[in-house]
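Everything below concerns the one structure shown next.
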Amino acid sequence: MSKQTVLVLASTFPRWKRDSEPRFIYDLCNHINERFELIVLAPHCRGAASEEQFGRLRVKRFRYAPEQFEKLAYEGGIAAKLGRYPWYWLLVPWFFLGQLIATIKIIKSYDVTVIHAHWLIPQGLIAVLAKKLSRSSLPILCTSHGGDLYGFQDQLSLYLKTFVLKHCEQLTVVSKPMVDVVRRLDSNVAIKIMPMGVDLQSKFTPSHSIRPHPEEILFVGRLVEKKGLKLLLAAMPQVLEAYPDTRLRIIGDGPLRDQLTSQVDALGLRSEVSFLGRCIHSELVTHLHSAAMVVLPFSVAVGGDMEGLGLTIVEAMGCETPVIIGDVPAIHDVVQHGQHGVIVNPESKEALANAVIALRDSPQKARKMARSGRQRALQIYDWQVVGERYSELLTDISGH
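So in our numbering, the last one in the sequence shown is 1600, and the numbering has no gaps at all.
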């Protein structure tokens, strides 16, 4: 019996091997690959192949501008780039048309049975329009990861999101609070809470050889407003008063890097804070093992954008590294305060500093929370569990 073919539409996907781009869509595809043939359609960029066999996946990358101008996707995300570089808006219609035309071509050239669109805008909208323009009856599964739902709150974007919800057969969201936001747009859409996963069996596991450094705090994430790094930097002087040996290591890059570097200089923290840039997953694991704690003070950005899930939390929990997290709705799906990690007010540098100091004061409590956090992560976010759920859902949607 031949496998069904799933067309996966994405704007975030590894560009090449050992890429530092988020890889959760790649990992999801690999964990449903046993049951399906998968074609991934993602944006092209300089240095990436237009078409290739990427492991077990067939990957096609659509063109939308001369190669030197294909900068809208990757390295921080589309929304952040549009905010930092307004002229990038000129690329948006060409990006949209490029993926739309490529989607229609694939539908007509391959025996596709389901479209899985990641993000309501633009991929969900592209899937719906491609289905209509190709006069296809393909079912559409759309997955919202948070930024597409919480951000883009202008009237046109809200209308387009509602349009997508009315025309996709199934929606999945990665955390429970997102359901209420969706219901305000369309109360009738079929919706399931199905987060992405993490490799908790072979990659993000406790280390028996690396001892954590008690003075080391780790931050991991894009340097954008909703990640809350500005608050963590503001809290560092208070932490240093209690523990002068504290060092903050920052993994990630993004549009706020220059602003955050200036904040470090203004606070006189150049010796205590290191910007390490992006890193690949294998290197991230080592950093997680070395850190005494991971601090992710998520907040609500201007315009309403906020974290949809925060897989970095789960990765840290998998490594049994204690976590401190800013109190935004989605993280309550992941962490129960005091049991799996510490949740703090994302607007209070004093609360954040006190939480960091308290974990250093009580290393036994921190280790206990970390062990409990790993068990929590295994129950919900292990890729074996997540992949099986998505495989069953895609099979149901396709009618097979």
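We put the beta carbon where it would ideally sit given N, CA and C, even for glycine. Everything numeric in this text was worked out from a predicted model, so none of it was measured.
Around the C-beta of residue i, are 16 or more other C-beta atoms found within 10 angstroms, so that it is buried, or is it exposed?
i	result
Y1274	buried
S1474	exposed
W1319	buried
E1267	exposed
V1502	exposed
H1345	buried
T1343	buried
A1390	exposed
E1441	exposed
F1269	exposed
W1583	buried
I1326	buried
E1592	exposed
I1513	buried
L1511	buried
L1356	exposed
E1234	exposed
Y1581	buried
I1306	buried
Q1370	buried
K1612	In this structure the chain extends from 1201 to 1600, so residue 1612 is not present and cannot be described.
I1393	exposed
D1505	buried
G1276	buried
L1559	buried
S1337	exposed
P1322	buried
P1563	exposed
Y1264	buried
H1316	buried
For the beta strand (DSSP E) containing residue i, list its first residue and its last residue.
i	result
E1237	1236-1243
S1344	1340-1344
A1317	1312-1318
I1391	1391-1393
Span of the alpha helix (DSSP H) holding residue i?
i	result
R1370	Residue identity differs from the one stated: residue 1370 is Gln in this sequence, not Arg. Here Q1370 belongs to no alpha helix (DSSP H); instead the beta strand (DSSP E) covers 1370-1373.
T1362	1355-1367
C1229	1224-1232
F1295	1292-1309
V1328	1325-1333
E1515	1511-1518
V1439	1429-1442
D1465	1457-1467
Y1350	1347-1350
I1557	1549-1561
D1219	Careful: D1219 lies outside any alpha helix (DSSP H) and carries neither H nor E.
R1215	Where R1215 is concerned, there is no enclosing alpha helix (DSSP H), given that its DSSP letter is neither H nor E.
P1377	1377-1385
What does DSSP give as the partner residue(s) for residue i in the beta ladder?
i	result
M1493	I1417
I1635	The chain is shown from 1201 up to 1600; residue 1635 falls before or after that span and cannot be answered.
T1205	E1237, V1312
H1537	G1541
R1525	In the sequence as displayed, the identity of residue 1525 is Ile instead of Arg. Answer is L1496, I1543, bridged to I1525.
E1582	As written in the sequence, residue 1582 is Asp, which differs from the Glu given in the question. Paired residues: V1398.
Comparing the C-beta of residue i with each C-beta of chain B, is any distance below 8 angstroms?
i	result
K1271	Any reference to chain B falls outside this structure, which holds one protein chain only.
Touch check for the region 1369-1387 and the region 1521-1534: three-plus C-beta pairs under 8 angstroms?
-> Yes: at least three Cβ pairs fall under 8 angstroms.
Continuous alpha helix (DSSP H) assignments of at least 4 residues falling wholly in the region 1237-1286 | For the region 1237-1286, whole alpha helix (DSSP H) runs of length 4 or above, ordered along the chain, are 1278-1284.
Counting pairs of Cβ atoms below 8 angstroms between the region 1242-1261 and the region 1418-1438, do you hit three or more?
-> As far as the Cβ criterion goes, the region 1242-1261 does not touch the region 1418-1438, which means the pair count is below three.
Could you tell me whether the region 1462-1470 touches the region 1483-1494, using the rule of 3 or more Cβ pairs below 8 angstroms?
-> Segments in contact, no.
Stretch-stretch touch, CB-based, cutoff 8 angstroms, three pairs: the region 1391-1403 with the region 1430-1438 | The way I'd put it, the region 1391-1403 doesn't touch the region 1430-1438; fewer than three beta-carbon pairs between them come closer than 8 angstroms.
Report yes or no: do the region 1279-1288 and the region 1221-1231 share at least 3 C-beta pairs separated by less than 8 angstroms?
-> With a cut-off of 8 angstroms, the region 1221-1231 and the region 1279-1288 do not count as touching, because too few Cβ pairs lie within range.
Segment contact, 8 angstroms Cβ cut-off, at least three pairs: the region 1564-1581 with the region 1510-1518 = A contact exists between the region 1564-1581 and the region 1510-1518.
Please confirm if the region 1539-1558 is in contact with the region 1435-1455, defined as three or more CB-CB distances below 8 angstroms between the two stretches.
-> Verdict: yes, contact present.
Sufficient close CB pairs (3 or more, under 8 angstroms) joining the region 1211-1223 to the region 1477-1488 | The answer is yes - the region 1477-1488 touches the region 1211-1223, with three or more Cβ pairs under 8 angstroms.
Sufficient close CB pairs (3 or more, under 8 angstroms) joining the region 1323-1339 to the region 1298-1313 = Yes: at least three Cβ pairs fall under 8 angstroms.
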